Ligand SMILES: [Zn+2]
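Numbering (our numbering), first residue to last: 7 to 139.
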């Protein structure tokens, strides 16, 4: 499964397992749309292939909070919010026992979608989740 942007929101009131088990957390807020930098923290992961070590984009910086009781996650890229003075995951994989899951909090509009870094993230994610676990 590849979960993108608003998909990582706490948006399933009758289905808490969606966030807890399939995302490993979620977001309830974000910075105002603006420019920020994403830093790759795990360049060796196949999802990050061809993605530069850091890149800037205009997007909403999601305040994605991992759920301590949720499925563990591995952060692949992160961004720092000046407003919150805190660093949040931008891309992570969920260490689900049965499924490959990538969560990309980026992608509000074409200013993100048109970037080569973003296109690589999508292509790599779709390829990776479709490989046997
Ligand atoms: Zn948005």
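Ideal placement from N, C-alpha and C gives every residue a C-beta, glycine not left out.
Here the structure is a predicted model, which is why all the values come from computation and not from measurement.
Straight-line Cα distance separating residue j from residue i
i: residue 25; j: residue 102; result: 12 Å
i: residue 31; j: residue 79; result: 9 Å
i: residue 105; j: residue 7; result: 8 Å
i: residue 116; j: residue 100; result: 26 Å
i: residue 128; j: residue 37; result: 22 Å
i: residue 44; j: residue 64; result: 11 Å
i: residue 57; j: residue 16; result: 28 Å
Sequence-distant residues of the same chain with beta carbon closer than 6 Å to residue i, five excluded per side
i: residue 109; result: 9, 14, 29, 98
i: residue 95; result: 70, 81, 84
i: residue 39; result: 66
i: residue 87; result: 37, 67
heavy atom of ligand 1 below 7 Å from residue i C-beta
i: residue 12; result: yes
i: residue 114; result: yes
i: residue 66; result: yes
Beta-carbon gap between residue i and residue j smaller than 8 Å
i: residue 53; j: residue 130; result: yes
i: residue 114; j: residue 41; result: no
i: residue 138; j: residue 61; result: no
Beta-carbon separation (whole angstroms), residue i vs residue j, contact threshold 8 Å
i: residue 81; j: residue 47; result: 6 Å
i: residue 27; j: residue 77; result: 5 Å
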